[in-house]
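A short worksheet on the structure shown next.
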Amino acid sequence: MEVRNFRIAVLALIACFASPSAWAACRDAVVLVHGNAGQPADFANTHAELIARGYAAGEIFRPDWGNKACAACNDHSGSEEAPVLEALVDAVATSCTGRIDVIGHSMGATLAAKQIADHGLAGYVDAFVGIAGAFRGLWSCGTYPYHVATTTCGHWGLSVSSPFLDALHGRRFGARVYSIKSWSDQVVCATGVCTVGGVHSSSIWNENASDTGAYGHFGLLAYTARRQADLIQ
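Mapped onto mature numbering (1 follows the signal peptide of the UniProt record, and there is no 0), the consecutive letters of the sequence shown carry residue numbers -24 to -1, 1 to 209.
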């Protein structure tokens, strides 16, 4: 009788863990990183989409970083880093799976990528999605060291071949890496040229896939919420 009861208990436990509803409650925490001079609310559509798919508010982290009044004052080093790193670490610590998904828009994508690379977090990231990022630099910032004289375009900024971008190049930011880009991007393609070395600046090296939309720099974030959520599933 005791053996029979033990077998019943084991089978019940297996059935519980095999149940789709049991697994559905355990998912990666998500970190959403806004762009330069932006705010967490910029990800409102993405946040709403995730909530609609069953995510709890506590599973979604939206760090607030940077100077809102001076976009040209922000770069990828110093005070801009701390809120993003803290969100990444907190997300890993609270994630049901022990892994996280990261979605960054514009400069938030490269800022998140730097924190992941610098602090050895890539192994904790299941999916990384860069939306309208300038991973290969902005021609509007010039070419380092002959860059536009702003912090955003400097050593730690987005001038083409800046020391920051050169050091970031080739690094892996998660098990799966995706980009979402536009050929009518008001920021990445501000000079009329979207490519650096023949590759769209928003494309990420060794990415698993890259989507292209006609929404422009800010529309890519606002109007691709469903696609963003699909990519991290």
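Built from N, CA and C at the ideal position, the CB exists for glycine as well.
DSSP has residue i in a bridge; who is on the other side?
i           : result
D187        : I156
V105        : I79 and Y154
L64         : Note: L64 sits in no beta bridge, so no partner.
S135        : L114
L197        : DSSP output for L197 lists no bridge partner at all.
residue 210 : Any question about residue 210 goes unanswered here, given that the chain covers just -24 to 209.
F37         : V7
V175        : V172
H52         : Answer is none; H52 lacks a bridge partner.
Y122        : T119
Counting C-beta neighbours from all protein chains within 10 Å, is the total for residue i 16 or more, i.e. buried, or is it exposed?
i     : result
K44   : exposed
H145  : exposed
Y100  : buried
A17   : exposed
C170  : buried
C72   : exposed
G34   : exposed
Q143  : Note on identity: in this sequence residue 143 is Ala, with Gln being the wrong assignment. Answer is exposed; the Cβ neighbour count stays below 16.
P39   : buried
A89   : buried
A(-3) : Confidence at A(-3) is low in this model, with a pLDDT of 40, below 50, so the placement of that residue should be treated as unreliable; the coordinate-derived value is given next. Exposed: under 16 other Cβ atoms inside 10 Å.
L141  : buried
A1    : exposed
S138  : buried
Q209  : exposed
I180  : buried
Rounded to the nearest angstrom, how far is the Cβ of residue i from that of residue j, given a contact under 8 Å?
i    : j    : result
S186 : S155 : 5 Å
N182 : R148 : 7 Å
D66  : F37  : 6 Å
T128 : W159 : 23 Å between Cβ atoms; not a contact.
G133 : D51  : 5 Å
I76  : D94  : Between D94 and I76 the Cβ distance is about 16 Å, and since that is not below 8 Å, they are no contact.
G106 : S178 : 7 Å
Quiz item: So, do the region 50 to 70 and the region 107 to 117 have three or more beta carbon pairs nearer to each other than 8 Å?
Solution: no
Quiz item: Does the count of Cβ pairs from the region 185 to 203 and the region 15 to 22 closer than 8 Å reach three?
Solution: yes
Quiz item: Can at least three beta-carbon pairs, one atom from the region 8 to 15 and one from the region 77 to 96, be found at a separation below 8 Å?
Solution: yes
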